[in-house]
Amino acid sequence: MQRILIIGSGGTGKSVCARQLGHILKLPVFHLDCYFWQPNWVQTPKEEWLQQLQILLEQDRWIIDGNYSRTLVHRLQYADTVVFLDYPTRISLYRALKRQIFYRNRRREDITEGCKERLEREFLLWIYNFRKNRRPGILELLAKHPNKQLIHLIKPKDLKKWLFELAISYS
Numbered sequence: 002m003q004r005i006l007i008i009g010s011g012g013t014g015k016s017v018c019a020r021q022l023g024h025i026l027k028l029p030v031f032h033l034d035c036y037f038w039q040p041n042w043v044q045t046p047k048e049e050w051l052q053q054l055q056i057l058l059e060q061d062r063w064i065i066d067g068n069y070s071r072t073l074v075h076r077l078q079y080a081d082t083v084v085f086l087d088y089p090t091r092i093s094l095y096r097a098l099k100r101q102i103f104y105r106n107r108r109r110e111d112i113t114e115g116c117k118e119r120l121e122r123e124f125l126l127w128i129y130n131f132r133k134n135r136r137p138g139i140l141e142l143l144a145k146h147p148n149k150q151l152i153h154l155i156k157p158k159d160l161k162k163w164l165f166e167l168a169i170s171y172s
């Protein structure tokens, strides 16, 4: 496990997982939100975004968290491991709401400076529809890459258990 993608719906804890995994495995962690978003939630121009992503992917060791489905096929070419946080919608929505309330008008550490957390209906709808609209395509894509190690976690306690076991084996 040297090049790890962490994917899943909003609110699953991808960034938290990435930080914990990075600590255990001593790997650098990159949050795609920090590259995709510029201050005040302005999208990075497409060419610049893709260049930055390519620079990350060409490094020898990394953990990259974030969905950005338009680049998932490309990222999979470089990854050796995929952690798919595939939690029920109610858990993802609850966690996203909790995060948005906790960080309201403040910046999370896994997002670009100048991007304050805000409650957005579109984001909550995206989470609500993730299992129907995004999940099938992700599962289909992952099935086409049997050479990648897949860690498919369906409950937060599965993630805790996996990280605990990993921490023991890497200590």
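Each number in my numbering comes from the position in the sequence shown (counting from 1) with 1 added on. Ideal Cβ placement from N, Cα and C applies to all residues, glycine included. All values reported here derive from a predicted model rather than from experimental measurement.
7 Å Cβ cutoff met for residue i and residue j
i, j, result
"Ile152", "Val84", "yes"
"Gln3", "Arg62", "yes"
"Leu28", "Ile64", "yes"
"Gly115", "Pro46", "no"
"Asp81", "Ile7", "no"
Through-space distance from residue j to residue i, alpha-carbon basis
i, j, result
"Val30", "Glu141", "26 Å"
"Leu143", "Ser170", "26 Å"
"Gly23", "Glu123", "30 Å"
"Arg100", "His146", "33 Å"
"Ser172", "Gln21", "14 Å"
"Lys15", "Asn148", "22 Å"
"Leu160", "Thr13", "10 Å"
"Phe165", "Ile25", "9 Å"
Closest residue to residue i among the options (Cα-Cα distance)
i, options, result
"Ile155", "Arg62, Trp163, Gln21", "Trp163"
"Trp127", "Arg4, Gly9, Ile5", "Gly9"
"Asn134", "Thr90, Trp38, Asp81, Gln60", "Thr90"
"Ile56", "Tyr79, Arg136, Ala19", "Tyr79"
"Ser70", "Pro137, Pro157, Asn148", "Pro137"
"Glu110", "Arg96, Ala19, Ser172, Lys149", "Ala19"
"Leu94", "Ile5, Thr82, Tyr129, Gln60", "Tyr129"
"Thr72", "Phe37, Arg96, Phe103", "Phe37"
Which of helix, strand or coil DSSP assigns to residue i
i, result
"Thr72", "helix"
"Ile155", "coil"
"Glu166", "helix"
"Gln173", "Examination of residue 173 is not possible in this model, given that the chain is present from 2 through 172 alone."
"Glu123", "helix"
"Asp66", "strand"
"Gly23", "helix"
Exercise. Examine the Cβ distances between the stretch 114-123 and the stretch 47-57 and report whether three or more of them are shorter than 8 Å.
Key: no
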